[in-house]
């Protein structure tokens, strides 16, 4: 398996690696330790994580990011050519170069697991930029060309009804490709579910902190709630906007507008404890990120529902269809502070159930992989 983050952790990558191991295969994850701050070798449920340190490489759509990923791709290709595997499993589009290289040189099959529309991220810092639009278009065409060579395509979202919003599966089909949906739902068992708060309550954001506009909207919405009824805020996670979000929140705390607790990156083993601290999960994102309107489903939405915690999500896209269909949250229009505020209050006392969990997704994954497994027997 290949992934361009340090896999420290990456729940989807680790989950699919564990499923592969359970199916009887030996798995090594080749991960890119961009910050050079994680162990170079680690074991997870028998899966080896092999991390490459190639100099500090930022996340985002910068030239340094592109150059660093290219170095990582070349290094992984060299490593795999030295000891060819039976199969290459590519997590997201920026690893497809590895899969196609091994297929062309040794006829090794590869799987494309598309978590996201990776080419949309390059436009996010400056959506009007002609240069970024051109680069995004090139990345998209390169991804589609390489994906056609995959033995199987797996993706993380699909339309939930004929009248509903499209997911990544429909995006693939629109471009002449097909695949199987395997959502990012957690595996049981789950601990005791949420109980309605007696008095004080907490809104949380647990995950990558990439989008400062989402937190500006959250603050604006919370400040519309009368001061004596306002929730505390609990934010946990790292990301390109983490430092800015921390400063912004601390300014509001010092001004007496909100109470907030903010902590950096967390391990997957800490997730249950973090979720126990909150009553509502805030899972809203700026729609300028093209993947939001095309079908992104926040992992935090499923993780929180597994523990009875409702989510507030973007309206007008697939995630709103899912929370309405399954009854584990409320959707609000992006940018409308008043309606977001109402949604937060509305979900305060909600206790929800995640009816379909990762066991269903594991069976979907096994069905999608059956033909590939036959190829590598």
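In the numbering used here, the protein residues as written are 232 to 608. All C-beta atoms in this analysis are idealised placements derived from N, C-alpha and C, irrespective of residue type, glycine included. Just so it is clear, the structure is predicted and the values come from calculations on it, not from any experiment.
Considering only DSSP beta bridges, list what residue 281 is partnered with. Note: residue 281 sits in a beta bridge opposite 261 and 272.
For residue 311 and residue 516, what's the separation of their Cα atoms in angstroms? Looking at the backbone, the Cα of residue 311 and that of residue 516 are separated by about 37 angstroms.
| One or two residues paired with residue 320 in a DSSP bridge | 342.
>> For a test of the three-state rule: what should DSSP assign to residue 297, helix, strand or coil?
In response: Annotated three-state conformation of residue 297 is helix, per DSSP.
Apart from the five residues just before and just after residue 332, which ones in its own chain have a Cβ nearer than 7 angstroms to its Cβ?
Correct list, in chain order: 308.
**Prompt:** Mind checking residue 611: buried by the 16 CB within 10 Å criterion, or exposed?
**Reply:** Because the chain in this structure spans residues 232 to 608, residue 611 falls outside the shown range and cannot be described.
*asked:* Considering only DSSP beta bridges, list what residue 519 is partnered with.
replied: For residue 519, which the question treats as bridged, DSSP gives no partner whatsoever.
**Report entry** Rounded Cβ spacing between residue 232 and residue 261 (contact assumed at less than 8 angstroms)
**Finding:** The C-beta distance from residue 232 to residue 261 rounds to 7 angstroms, short enough to fall under 8 angstroms.
Can you check DSSP and say which residues form a bridge with residue 620?
-> Outside the shown range of the chain, which is 232 to 608, sits residue 620, and nothing can be said about it.
Could you tell me how far apart the beta carbons of residue 481 and residue 446 are, in whole angstroms, since I believe they sit closer than 8 angstroms?
-> With a Cβ gap of about 12 angstroms, residue 481 and residue 446 do not count as contacting.
Span of the beta strand (DSSP E) around residue 435: Here the beta strand (DSSP E) through residue 435 covers 433-437.
| query | Hey, how far is the Cα of residue 585 from the Cα of residue 400? | reply | Going by the C-alpha atoms only, they are around 22 angstroms apart.
- Fully enclosed by the segment 383-421, which alpha helix (DSSP H) runs are 4 residues long or longer? You should have 399-405.
Can you look up residue 353 in the DSSP assignment and give me helix, strand or coil? When secondary structure is reduced to three states using DSSP, residue 353 falls in the helix class.
- Starting from residue 443, trace the beta strand (DSSP E) both ways and give me its first and last residue. Run containing residue 443: none in the beta strand (DSSP E); it sits in the alpha helix (DSSP H), 443-453.
TODO: Taking only the alpha-carbon atoms, compute the straight-line gap between residue 537 and residue 555 and give it to the nearest angstrom.
DONE: Roughly 16 angstroms between the two C-alpha positions.
As assigned by DSSP and simplified to three states, the class of residue 528:
In the three-state reduction of the DSSP assignment, residue 528 falls in the coil class.
My output table needs one value for residue 376: the three-state DSSP class, helix, strand or coil. Reduced to three states, the DSSP call for residue 376 is helix.
(message) Taking 8 angstroms as the threshold (C-beta atoms), are residue 530 and residue 391 in contact?
(response) If you check the CB distance, residue 391 and residue 530 do not come in under 8 angstroms.
Okay, do the segment 484-496 and the segment 409-426 touch, 3+ Cβ pairs below 8 angstroms being the bar?
-> The segment 484-496 makes no contact with the segment 409-426: fewer than 3 CB pairs, one atom from each, lie closer than 8 angstroms.
Query raised in the report: Straight-line CA distance for residue 296 to residue 566?
Result: Going by the C-alpha atoms only, they are around 30 angstroms apart.
**Asked** Could you check where the alpha helix (DSSP H) with residue 575 kicks off and where it finishes?
**Response** Per DSSP, the unbroken alpha helix (DSSP H) holding residue 575 starts and ends at 568-578.
Open item on the list: Rounded to the nearest angstrom, what separates residue 563 and residue 444 at their Cα positions?
Closed with: In this structure, the straight-line span from the alpha carbon of residue 563 to that of residue 444 is close to 15 angstroms.
Beta-carbon separation (whole angstroms), residue 610 vs residue 468, contact threshold 8 angstroms = No information on residue 610 is available, as it lies outside the stretch 232 to 608 that the chain covers here.
| At what residues does the alpha helix (DSSP H) containing residue 475 begin and finish? | Where residue 475 is concerned, the enclosing alpha helix (DSSP H) stretches over 473-485.
For residue 494, which of helix, strand or coil comes out of DSSP?
-> Residue state, collapsed to three classes: strand.
(message) Let me see if you follow: with CB-CB separation under 8 angstroms, is residue 578 close to chain E or not?
(response) In the structure shown, chain E cannot be found, because there is only a single protein chain.
- Inter-stretch contact (C-beta, 8 angstroms, three-pair minimum) for the segment 314-324 and the segment 343-355: Yes, the segment 314-324 is in contact with the segment 343-355.
_Cutting at 7 angstroms between CB atoms, please list the residues of its own chain near residue 568, excluding the five before and the five after it._
Closer than 7 angstroms at Cβ, skipping near neighbours: 448, 451, 452 and 455.
- Given residue 459 as reference, the closest of 431, 256, 277 and 472 once Cα atoms are compared: The shortest C-alpha separation from residue 459 is found at 431.
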